[in-house]
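Trainee:
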Amino acid sequence: HTEPVQSLWGPYGPYGVHTLPLPPPGLSVSVLVREPGRLPEPQRLARVVVGDVRDPGAVSRAVEGQDAVVIILGTRDDLSTGSLGVTGRIRGIGALGVLVVLVLTGGTGAPPAFLLRPLPEVPPRLQPLTQDHSRMERILSGSGLRCVHVLPPHIAGDKPLTGSYEVRVGAAGGGSRVISAPDLGHFLLSCLRTPQYDGQRVYVCGQYP
Numbered sequence: 134h135t136e137p138v139q140s141l142w143g144p145y146g147p148y149g150v151h152t153l154p155l156p157p158p159g160l161s162v163s164v165l166v167r168e169p170g171r172l173p174e175p176q177r178l179a180r181v182v183v184g185d186v187r188d189p190g191a192v193s194r195a196v197e198g199q200d201a202v203v204i205i206l207g208t209r210d211d212l213s214t215g216s217l218g219v220t221g222r223i224r225g226i227g228a229l230g231v232l233v234v235l236v237l238t239g240g241t242g243a244p245p246a247f248l249l250r251p252l253p254e255v256p257p258r259l260q261p262l263t264q265d266h267s268r269m270e271r272i273l274s275g276s277g278l279r280c281v282h283v284l285p286p287h288i289a290g291d292k293p294l295t296g297s298y299e300v301r302v303g304a305a306g307g308g309s310r311v312i313s314a315p316d317l318g319h320f321l322l323s324c325l326r327t328p329q330y331d332g333q334r335v336y337v338c339g340q341y342p
């Protein structure tokens with residue numbers, strides 16, 4: 134391609150909405166959505182594919198011609214959008230050779246960074262969702278796709294974009310247990326421009342007033 138192209142899934146959710154405005158000029162973005170009327174500034178997008186992420190055909194249409202896929206999908210209380218849905222997404226992506234940046238967002242208060250702890254250290258009420266996050270990771274890791282697994286702490290929609298945050302590979306910790314939604318989006322896009330985090334589990338956090 135003469136310019137990078139990216140497919141974004143979950144673009145009008147609480148975190149995707151902060152990522153969608155960030156791609157710089159020269160990055161061609163398509164989105165996969167069920168309700169295109171909810172998209173902010175659809176005129177800025179190269180392509181809008183209407184469909185469900187659990188439908189391999191819709192996934193294939195969204196990914197065709199793309200270099201990378203950023204998946205920003207929270208499970209909330211419905212695990213069908215988690216590990217049960219990931220299988221369909223993998224079938225849709227198939228052997229297209231794209232980079233998958235998977236962001237596991239927490240539902241019911243379970244930050245994905247809990248995956249970096251032994252399960253007995255996770256509060257019992259949050260263990261089912263944490264186990265589903267773990268299944269999603271295993272499915273993608275065994276798929277043969279190039280993946281970056283982003284495991285953020287609490288994602289704060291009310292904190293600003295700073296572009297300055299700490300990135301740790303394979304471990305939680307660092308200076309805080311929060312990342313702003315705009316900074317998370319900024320990091321996701323940075324993963325498209327470097328192979329540094331391919332195949333890695335990544336924790337990202339920031340400092341905010």
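With the first letter of the sequence shown counted as 1, position 98 gets the number 231 in the working numbering; the numbers rise by one all the way through. Glycine is no exception: its CB is placed at the ideal position from the N, C-alpha and C atoms.
In chain order, what residues of the same chain lie with their CB nearer than 6 Å to the CB of LEU232, ignoring the 5 residues before and after it?
Mentor: For the purposes of this step, residue 232 is identified with residue 99 of the sequence shown, where counting begins at 1. Contacts found: ALA201, ARG279.
Trainee: Taking C-beta to C-beta, are GLY339 and ASP316 nearer than 8 Å?
Mentor: Taking the sequence shown and counting its residues from 1, one reaches residue 339 at position 206. Taking the sequence shown and counting its residues from 1, one reaches residue 316 at position 183. Contact: yes.
Trainee: Roughly how many whole angstroms lie between the Cα atoms of PRO257 and PRO251?
Mentor: On the sequence shown, position 124 is the one that residue 257 refers to. On the sequence shown, position 118 is the one that residue 251 refers to. Approximately 12 Å, taken between the alpha carbons.
Trainee: Suppose the cutoff is 6 Å on Cβ atoms and the five residues either side in sequence are ignored; what does the same chain contact list for GLN333 look like?
Mentor: As a working mapping, residue 333 is identified with position 200 in the sequence shown. VAL302.
Trainee: Could you spell out the range, first to last residue, of the alpha helix (DSSP H) harbouring ARG268?
Mentor: Numbered from 1 along the sequence shown, position 135 holds the residue referred to as residue 268. Note, ARG268: alpha helix (DSSP H), 260-274.
Trainee: By the 10 Å Cβ neighbour count, where 16 or more other Cβ atoms means buried, how is ASP265 classified, buried or exposed?
Mentor: As a first step, residue 265 must be located in the sequence shown, where it is residue number 132. By the 10 Å Cβ count, ASP265 comes out buried.
Trainee: In angstroms with no decimal places, state the Cα-to-Cα distance between SER297 and THR327.
Mentor: For the purposes of this step, residue 297 is taken as residue 164 along the sequence shown, with counting starting at 1. For the purposes of this step, residue 327 is taken as residue 194 along the sequence shown, with counting starting at 1. Cα to Cα, SER297 sits roughly 17 Å from THR327.
Trainee: Check for me: the alpha helix (DSSP H) holding VAL196 runs from which residue to which?
Mentor: If you number the sequence shown from 1, residue 196 lands on position 63. VAL196 -> alpha helix (DSSP H) spans 189-196.
Trainee: Do VAL192 and LEU178 have their C-beta atoms within less than 8 Å of each other?
Mentor: Walking along the sequence shown from the start, residue 192 turns up at place 59. Walking along the sequence shown from the start, residue 178 turns up at place 45. No, they are not a contact pair.
Trainee: Return the CA-CA distance between VAL182 and VAL166, expressed in angstroms with no decimal places.
Mentor: Numbered from 1 along the sequence shown, position 49 holds the residue referred to as residue 182. Numbered from 1 along the sequence shown, position 33 holds the residue referred to as residue 166. Their backbone Cα atoms lie some 6 Å apart in a straight line.
Trainee: Along the chain, where does the alpha helix (DSSP H) containing SER323 start, and where does it finish?
Mentor: Translated into positions along the sequence shown, residue 323 becomes position 190. Segment 314-324, the alpha helix (DSSP H) holding SER323.
Trainee: Take GLN260 and list the residues in its own chain whose beta-carbon comes closer than 7 Å to its own, dropping the five residues that flank it on each side.
Mentor: Your numbering for residue 260 matches position 127 in the sequence shown. The residues are LEU252.
Trainee: Would you decide whether PRO173 is buried or exposed? Buried here means 16 or more other CB atoms lie within 10 Å of its CB.
Mentor: On the sequence shown, position 40 is the one that residue 173 refers to. Exposed: under 16 other Cβ atoms inside 10 Å.
Trainee: Classify GLN329 as helix, strand or coil using the three-state DSSP reduction.
Mentor: Here residue 329 refers to the residue found at position 196 of the sequence shown. Of the three classes helix, strand and coil, the one that applies to GLN329 here is coil, per DSSP.
Trainee: How many Å lie between PRO169 and LEU160 at the Cα?
Mentor: Sequence index remark: in the sequence shown, residue 169 carries index 36 (1-based). Sequence index remark: in the sequence shown, residue 160 carries index 27 (1-based). Cα to Cα, PRO169 sits roughly 20 Å from LEU160.
Trainee: Under the assumption that TYR341 contacts SER313 (Cβ atoms under 8 Å), give the Cβ distance between them as a whole number of angstroms.
Mentor: As a working note, residue 341 is residue 208 in the sequence shown. As a working note, residue 313 is residue 180 in the sequence shown. 6 Å between Cβ atoms; contact.
Trainee: From GLY79 to PRO286, what does the alpha carbon distance come to, in whole angstroms?
Mentor: Lying outside 134 to 342, the shown extent of the chain, residue 79 is not represented and no answer is given.
Trainee: So, PRO184 versus ARG171, is the Cβ gap smaller than 8 Å?
Mentor: The residue labelled residue 184 in the question sits at position 51 within the sequence shown. The residue labelled residue 171 in the question sits at position 38 within the sequence shown. This sequence places Gly at residue 184; Pro is not what is there. Cβ distance not < 8 Å, so GLY184 and ARG171 don't count as in contact.
Trainee: Based on the DSSP output, what are the partners of TYR336 in its beta bridges?
Mentor: As a first step, residue 336 is located in the sequence shown; it is residue number 203 there, counting from the start. Looking at the DSSP assignment, TYR336 forms a beta bridge with ARG301.
Trainee: DSSP has ARG180 in a bridge; who is on the other side?
Mentor: For this step, residue 180 is matched to residue 47 along the sequence shown. According to DSSP, which records beta bridges pairwise, ARG180 is partnered with SER163.
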